[in-house]
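Here the structure is laid out as structure tokens; the discussion comes afterwards.
Protein chains: 2
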Amino acid sequence: MTISRREFSKLGALGIAAHTLSSVPVLGQAAPRKIGYCVIGLGRIADHHMRAIAQGTSSKVTALVSGHRDKAERIAAQYGVPTSSIYNYENMDRIRENKEIDAVIVCLPNSMHAEYTIRSAKAGKHVLCEKPMSVTVSEAEQMIAACKAANVKLLIAYRLHYEPTNRKAIKMIRDGVIGKVEVIDSANGFNIAPGEWRSDRKLAGGGPLMDVGIYSLNATRYLTGEEPVQFTAIATTPDQDGRFKGVEENLAWTMRFPSGALASCSTTYGGSMGSYYKVFGSKGWLEVGSFNYEGLRLQASYRTAPGVPPTKIDEANTEKDPMHFVRQVDHFSRCILENRTPDTPGEEGLTDMRHIESIYKAAGLTLG
Amino acid sequence: MTISRREFSKLGALGIAAHTLSSVPVLGQAAPRKIGYCVIGLGRIADHHMRAIAQGTSSKVTALVSGHRDKAERIAAQYGVPTSSIYNYENMDRIRENKEIDAVIVCLPNSMHAEYTIRSAKAGKHVLCEKPMSVTVSEAEQMIAACKAANVKLLIAYRLHYEPTNRKAIKMIRDGVIGKVEVIDSANGFNIAPGEWRSDRKLAGGGPLMDVGIYSLNATRYLTGEEPVQFTAIATTPDQDGRFKGVEENLAWTMRFPSGALASCSTTYGGSMGSYYKVFGSKGWLEVGSFNYEGLRLQASYRTAPGVPPTKIDEANTEKDPMHFVRQVDHFSRCILENRTPDTPGEEGLTDMRHIESIYKAAGLTLG
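From first to last, the protein sequence lines stand for chains A and B. Residue 409 is where the first sequence ends in the working numbering, and the numbering goes up by one at each step. Residue 409 is where the second sequence ends in the working numbering, and the numbering goes up by one at each step.
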């Protein structure tokens with residue numbers, strides 16, 4: 042016999058630890074059922090999620106929401122989704138009646154994350170929502186409340202929490218390998234193409250900090266295990282070609298953590314920046330090059346004792362895209378099956394939104 | 042026939058361009074005489090300067106000032122300096138009478154730069170002074186005034202202005218190779234040994250910003266060709282072992298330039314940071330790894346036209362230490378011989394001191 046999500050939810054509500062239950066003989070030997078996902082918004086990021094679902098073993102694409110019926114039908118055929126499970130933005134609340142849908146993946150522009158997360162929660166579906174979680178702190182709070190009220194799980198798509206190179210970097214720091222963290226330097230940015238929704242404030246809520254700088258912010262938090270308590274920032278928009286509609290082009294910011302560690306970060310939509318973090322500790326340093334979907338590389342140099350030659354590490358993650366997404370969606374499906382809280386729940390997204398608000402405030406800007 | 046420094050000074054005072062004169066037949070074919078240097082303070086940095094003087098062709102060590110007679114005599118023997126040209130800090134004003142001394146090199150702790158620059162200027166000697174120029178803005182102004190009043194030249198030892206890799210980076214940016222500069226990320230720091238004068242505020246005037254962060258500050262200025270107009274900063278001193286006497290351990294700061302370019306910088310005396318700058322432009326990026334005395338590496342990637350594959354550069358400067366110092370002292374000797382203003386005059390140091398004051402103020406600290 043298999044055990045349904047709703048049965049698991051009931052067990053969870055009784056305070057029974059699902060990870061214990063999962064090894065109890067009553068579950069039998071049958072393969073666990075696959076979690077069915079409805080993908081909302083069929084842009085570039087949705088493609089990564091859908092390929093990941095197809096590649097993983099825990100999940101399947103069971104429905105789509107799109108404003109473009111033709112595109113949706115083409116993708117439905119590709120993933121074996123019946124045309125009866127294609128919705129549009131007006132009728133998507135009817136996903137409530139579709140028992141093949143356990144969860145949704147919100148792949149819409151930032152300003153639509155709150156509405157579609159809340160509508161999905163009200164339809165009784167778990168929600169995997171892209172980052173940034175929302176365009177205001179208040180929206181993020183409402184999203185968490187809606188998911189709680191509906192007793193559905195919420196995961197914010199911080200895929201690097203599930204990626205081995207970043208996990209190793211975190212473990213090295215926690216184990217004290219590079220000593221006390223003194224300074225983190227991180228950057229993430231790129232030269233945006235004209236016409237992207239991400240450079241339009243109405244859809245994006247902010248500039249590169251919302252989209253890519255958020256990786257640096259989130260990394261400083263998972264690397265230190267601390268929350269920043271002081272912020273400074275400067276933003277500029279030396280726009281050469283009218284690409285920027287009410288959002289910053291460049292942003293540089295600093296953060297202080299309670300331990301005394303500092304972070305020095307920058308982001309841009311106007312330059313060839315790449316992405317990296319460098320962590321400088323009292324016994325050595327480590328660096329992860331690229332926040333991209335593949336090709337991550339961990340380099341480090343540290344001393345295990347005074348006077349000995351430094352130990353050096355240079356390791357590449359050779360996994361190919363969409364492996365980060367596979368790990369993430371498998372995690373969420375397991376959380377649903379085992380009634381566990383995701384490693385990157387709504388609260389993780391809310392905390393970033395609060396810090397983003399602080400950074401924008403320090404720069405004299407407003408969020409949302 | 043050769044032409045003396047004083048003769049050149051006279052010509053300069055008459056408004057005659059020395060660089061024109063230098064090719065005038067009256068100078069004859071004899072090798073130009075070597076400029077004689079008195080090295081003040083015989084610590085680590087003095088060693089680089091003296092080896093550079095010995096390696097170059099324009100200069101010679103002709104006198105020493107030290108509080109340690111034994112050490113001074115050992116070094117004097119090494120460089121062929123007569124013992125009669127060894128001075129101490131009390132009698133060093135007598136260098137005025139020593140015609141073998143054209144110029145001094147101030148290699149003392151920061152807080153002594155002003156006094157010994159001014160005393161040397163009053164003794165009629167040109168001054169090559171280590172960075173940071175001083176520990177206050179007011180001192181820097183007094184140093185410039187003293188050198189002007191004495192009609193002697195003043196060079197602040199920003200050796201990277203004379204170094205080929207940095208000069209190439211500057212030229213690439215000026216030529217528009219990487220497009221408009223959007224963001225510069227730079228760091229320079231190290232884990233300081235206990236007992237160094239550099240972590241004692243009385244001698245250093247400030248922490249790592251004064252000693253090594255100044256490289257990042259100065260680089261952002263020579264790379265952009267602009268002066269920063271807005272500053273934010275946070276400093277922390279999570280001192281684990283009592284090394285820090287009134288100076289910051291970590292500092293992260295941001296700067297805005299009139300063009301809209303931003304700089305995101307950090308420095309430390311508490312961690313393994315290394316040194317680098319990364320310049321992110323609208324058409325590509327360039328990076329120089331290390332501000333060290335040797336081993337500098339320029340990497341770049343940029344597009345010469347949309348759609349074409351990026352052009353990549355990866356070039357190492359294979360010159361060995363003390364070649365940066367050779368280029369610098371040869372430049373200063375030529376400036377003296379040809380009555381030219383050095384490329385990094387007192388005003389360059391003063392400008393940095395003003396910016397350092399702004400950075401410390403933004404961090405809630407005071408300079409000096």
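Backbone N, C-alpha and C fix where the C-beta goes; we use that ideal spot for every residue, glycine too.
Neighbour-count burial assignment, residue i, 16 or more Cβ in a 10 Å radius
i, result
"Glu48/B", "Any reading at Glu48/B must be qualified, since the residue scores a pLDDT of 42, below 50, and its modelled position is unreliable; the value itself is stated next. So Glu48/B counts as exposed."
"Met42/B", "Legend: pLDDT at Met42/B = 34, less than 50; position of this residue unreliable, value from coordinates given subsequently. Exposed."
"Arg369/A", "The sequence shown places Gln at residue 369/A, rather than the Arg named in the question. When all chains shown are included, Gln369/A counts as buried."
"Lys194/B", "buried"
"Ser307/A", "buried"
"His89/A", "buried"
"Arg375/B", "buried"
"Lys402/A", "exposed"
"Ser175/A", "buried"
"Val224/A", "buried"
"Gly236/B", "exposed"
"Ala346/B", "exposed"
"Asp371/B", "buried"
"Arg252/B", "Before going on, a small fix: residue 252/B reads as Asp here, not Arg. So Asp252/B counts as buried."
"Val349/B", "exposed"
"Val270/B", "exposed"
"Ser399/A", "buried"
"Asp143/B", "buried"
"Thr352/B", "exposed"
"Lys101/B", "buried"
"Pro249/A", "buried"
Range covered by the alpha helix (DSSP H) that runs through residue i
i, result
"Phe373/B", "Met364 to Glu379"
"Gly387/B", "Gly387 to Ala403"
"Glu114/B", "Arg110 to Tyr120"
"His90/A", "Arg85 to Gln96"
"Thr158/A", "His154 to Lys163"
Range covered by the beta strand (DSSP E) that runs through residue i
i, result
"Thr206/B", "Here Thr206/B belongs to no beta strand (DSSP E); instead the alpha helix (DSSP H) covers Pro205 to Arg215."
"Ile146/B", "Ala144 to Val147"
"Asp241/A", "No beta strand (DSSP E) holds Asp241/A; DSSP gives it neither H nor E."
"His167/B", "His167 to Cys170"
Min CB distance residue i to chain B below 8 Å
i, result
"Ser313/A", "yes"
"Pro150/A", "no"
"Leu303/A", "yes"
"Lys221/A", "yes"
"Arg338/A", "no"
"Trp238/A", "no"
"Ser100/A", "no"
"Gly254/A", "no"
"Gln119/A", "no"
Bridge partner(s) assigned by DSSP for residue i
i, result
"Thr309/A", "Gly230/A and Asn291/A"
"Gln340/A", "Glu328/A and Asp355/A"
"Lys194/B", "DSSP lists no partner for Lys194/B."
"Tyr317/B", "Ala228/B and Gly330/B"
"Tyr78/B", "Val102/B and Ala144/B"
"Tyr130/B", "Beta-bridge pairing links Tyr130/B to no other residue."
"Leu303/B", "Val224/B and Arg297/B"
"Gly322/B", "Val222/B"
Residue-chain proximity (residue i, chain A), Cβ-Cβ < 8 Å
i, result
"Ala274/B", "yes"
"Ala228/B", "yes"
"Pro279/B", "yes"
"Thr295/B", "yes"
"Phe332/B", "no"
"Thr309/B", "yes"
"Val224/B", "yes"
"Ser126/B", "no"
"Ser300/B", "yes"
"Gly287/B", "no"
"Gly325/B", "yes"
"Asn34/B", "Not covered by the structure: residue 34/B. The range shown for chain B is 42 to 409."
"Asn291/B", "yes"
Chain E contact for residue i (CB, 8 Å cutoff)
i, result
"Asp216/A", "Looking for chain E here will not work: the only protein chains present are A and B."
Query raised in the report: At what residue ranges does the stretch 249 to 296 of chain A contain a whole run of the alpha helix (DSSP H), taking only runs of 4 or more?
Result: 255 to 265
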